Structures are given as C-alpha cells and as structure tokens.
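Note sheet for the following structure.
Protein chains: 2
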Amino acid sequence: MATSTAHARTRPDAAGDRTTRPPVNDRRLAVLLGYSLRRAQLRVFQDFATAMADLGFTPGQVGALLLIESNRGLSQSELGAALGIDRSSVVPLIDRLQAMKLVRRVVRASDRRTNALELTEAGEAAVRRILPVLERHERRIAARLSPAERQTLMDLLDRVAVEQDAKEK
Amino acid sequence: MATSTAHARTRPDAAGDRTTRPPVNDRRLAVLLGYSLRRAQLRVFQDFATAMADLGFTPGQVGALLLIESNRGLSQSELGAALGIDRSSVVPLIDRLQAMKLVRRVVRASDRRTNALELTEAGEAAVRRILPVLERHERRIAARLSPAERQTLMDLLDRVAVEQDAKEK
DNA sequence: GCCGAATTGTTTGATAGTCAAACAGTTTGA
DNA sequence: TCAAACTGTTTGACTATCAAACAATTCGGC
C-alpha cells in the first residue's frame, strides 16, 4: 500500500493481481477492534497528511495552529499536553511556525517562565485557509457514512478512548 | 497524556487542576472524525503494546507471527504488504524473530528469490501464548461497549477504511 | 532458447518523530 | 526565606520508516 504509489509498475497485468493471487489470511487479526481501528486511522491520517501537505503544513503544525487559535496565550507545555507530545518536542515545532511568521512567543509579565503562544496575522490567515480544506477532508473520509452513522461512530470511538479508571487489574 | 505517566507530580492540588484550570479548547478539532479516531487508536495501541511487551514482543513482531501462522510459506514482500510496511523494513523484523528461533526462512525450489516464512515449534508455542493475551486485551478495550455496539463500531470503521475508488477529484 | 524487464531479499544512508535527562531562570508555598 | 516545583531549552539517543542501489533469480515476448 505504501509502496504502491512509489513503484510505478509498468507491466499491464502484474500491477494488482496475478491471475489468482490468494489474499493474505487475516483471521487472527480481523477479529480485533484494534485492527479495524488501525486501518481506518491509517487511511484517514494519510488523507489528512496529504491534504495538509498541499497547503505546506505537517499534521502537527496544523494541530498546533488550530489549538493556538482556539486558546490564545496557551503555553508550550499545555500545547504539548493537548497534542500528546513531550514539551521538549514542542520547541522545534513552534520554532518552525515562528520562522514561518505564523506564531509569536509572547513573554507574559505575570509569569516570565511561560511563553504565551499567539497567532500572527499571517497565522490567522493560515487557519482561514486550513478550515475549508479540513471540511473537504472530513467529507471525503465520511463519504460512505450517513450523518447519523458518522455521529454514532464518533460516540463509540470516544467511549473507547476513555481512560480506564485506575482499575489496572 | 504521554507525559502524565512519566512525570510524577507530587504537589497535591497541582496534579490535574489548579483551582480552575480551563481545559484546552478543542472546538476546531473535536468535530473531526480523525480526531476521535486518533485518540481511540492511541489508547488501544498503548494497551496492546504494553500487553505484548509483557510477553516480550513488539506489536510488529506479534503481527508478523500471527500472519505467518495463518499463511505458512508467506514471502517477506507479501508480509510487508499485509503489515503496511516496506519490504526493506521486513528484513530486520524477520532477522529478530529468526534470532529468537521463532521463524524460519525456507528457500523454495520453485522460486529461489523468495523466502517462504514458517513458524518453528517455538514460534507456534509463542502464538499459543499470545492468543489469550490478545483476548484479554480485546475485552479491556471493548469494556464500555455492548457486543452489538462493538460489532457496529467495527463495521463502521471498515467502511471508513475502504479505499476511495480512484476518484481523486 | 534468448534477453531485457520485472521481482525478491538485502544493504546502506537519510529522515522524521519521539523521549529522557540535564540545565538555568522563575515562581510558589510552607 | 528557601527548598521544591514548573517552564522552556539543549543535547543525545533510539526507533521506525523509506528511498535507492545491488545481485540473484524468474518471466515473457520474440
């Protein structure tokens, strides 16, 4: 799958299926929720990543921009927690966005340890450019779902994502 | 989230919420299917990875073992395609499993280019050890779902994972 | 049969993403 | 006042991944 785009097969019939290519047997994995989850997530992420790459952004950068837009003055640690990455990983991420003139690090007088993150004018413009691309992405991946099914899916996923309440047994 | 386990906050009230810590605002992301998907997948994968680590395996190794078990004589390229990784990445994966004496590379007379992958006795024993752990993992992540809901979730996910039929517009 | 094209496994970089640990500056609470 | 905690940062290591090139082997059209 990942290589199919990289390798341009020239032979007419060898591209996908040799006369009778037996598909790989999944039976041990196919019963697992995590298996379906992984495949769906892979496809969605792929679509998301290429859609954002067209705009010149990585998925992480888009997440950061959208979170800063909705949380002006967010600190780098808070951003990292929200993105699920270490705060030391936030540094180069913001470095890059700052070099692109999309994000500012503002020193706040009330607490000189933290950097309050803000979007610049160009950053807000970038978000406005991102939103419609995001909507098209969403329509694309939910193309085979009715609105009700889409809502059901999100509800069930959120239920799965809930942390187990410290019952580790 | 990832850091919450690494950092042991000792201060009683600073652990989760300073008196009124405003939770990070998600509004732009929370409407996206991919967002729910990512969080659920992260939690499931975490559970899976730690469960398998207890057995001494990485997720990739478990996938390889289960696929070889269900497809005796699989080639490395086919395995890579099934796992969604490049065939060059399969090499060290199988190297490791072979060093553990769980997998054999068999040269087939019919095609001396390919390696037919097979489980050893120890490999089959490993699979037998893995299966119940897999079942417990599955029960854990589906704990908040009824059997019907679990089935619905898998069906919807499989529908999302379907490749878009070459309509790239 | 012959020979160019394709396939397979492999090696060798290169890249990206992540964390852990240590640090200095700053704030906080007893 | 001062030890403990928090913040951003740097550095180093590690993992996972791919791309490209290679030799050995097979295949298909002529």
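Order-wise, the sequence lines are chains A and B. Numbering of the first sequence is given in our numbering, commencing with residue 1 and proceeding in unit increments. Numbering of the second sequence is given in our numbering, commencing with residue 1 and proceeding in unit increments. All C-beta atoms in this analysis are idealised placements derived from N, C-alpha and C, irrespective of residue type, glycine included. Just so it is clear, the structure is predicted and the values come from calculations on it, not from any experiment.
9 Å Cβ cutoff, residue i in contact with chain B
| i | result |
| --- | --- |
| A:G123 | no |
| A:M100 | no |
| A:V160 | yes |
| A:T19 | Confidence is the limiting factor: at A:T19 the pLDDT is only 39, short of 50, which leaves the residue's position unreliable and the question unanswerable from this model. |
| A:L157 | yes |
| A:R144 | yes |
| A:F48 | yes |
| A:L131 | yes |
Nearest-angstrom beta carbon gap, residue j and residue i [assumed within contact, 8 Å]
| i | j | result |
| --- | --- | --- |
| A:S36 | B:D158 | 6 Å |
| A:N115 | A:Q76 | 6 Å |
| A:R43 | B:A161 | 5 Å |
| B:L153 | A:L156 | 4 Å |
| A:S88 | B:N25 | Not quite, the Cβ-Cβ distance comes to about 24 Å (not below 8 Å), so this is no contact. |
| A:A64 | A:L79 | 6 Å |
| A:V103 | A:L117 | 6 Å |
| A:R105 | A:I94 | 7 Å |
Short CB-CB distance (under 9 Å) between residue i and chain A
| i | result |
| --- | --- |
| B:S70 | yes |
| B:M52 | no |
| B:T152 | yes |
| B:A126 | no |
| B:R11 | Interpretation of B:R11 is limited by its pLDDT of 31, a score under 50 that renders its predicted location unreliable; the figure taken from the coordinates is listed afterwards. No, its Cβ sits nowhere closer than 9 Å to a Cβ of chain A. |
| B:L93 | no |
| B:L55 | no |
| B:L66 | yes |
| B:G60 | no |
| B:L134 | yes |
| B:L97 | no |
Residue i burial status per 10 Å Cβ neighbour count (16 or more: buried)
| i | result |
| --- | --- |
| B:L55 | exposed |
| A:V31 | exposed |
| B:G123 | buried |
| B:R28 | buried |
| A:G73 | exposed |
| A:H33 | In the sequence as presented, His is not what sits at residue 33 of chain A; that position holds Leu. That one is buried. |
| B:R38 | buried |
| B:V127 | buried |
| A:A53 | exposed |
| B:A142 | buried |
| A:L83 | buried |
Residues from the stretch 23–45 of chain B in contact with chain A, defined by Cβ distance under 8 Å
V24, N25, D26, R27, R28, L29, V31, L32, L33, G34, S36, L37, R38, R39, A40, Q41, L42, R43, V44 and F45
Extract the residue ranges of the alpha helix (DSSP H) inside the stretch 80–163 of chain B, only unbroken runs of 4 or more that lie entirely within it.
87–99, 121–141 and 147–161
Mind checking the stretch 109–120 of chain A against chain B and listing, in chain order, the residues whose C-beta falls within less than 7 Å of any C-beta there?
none
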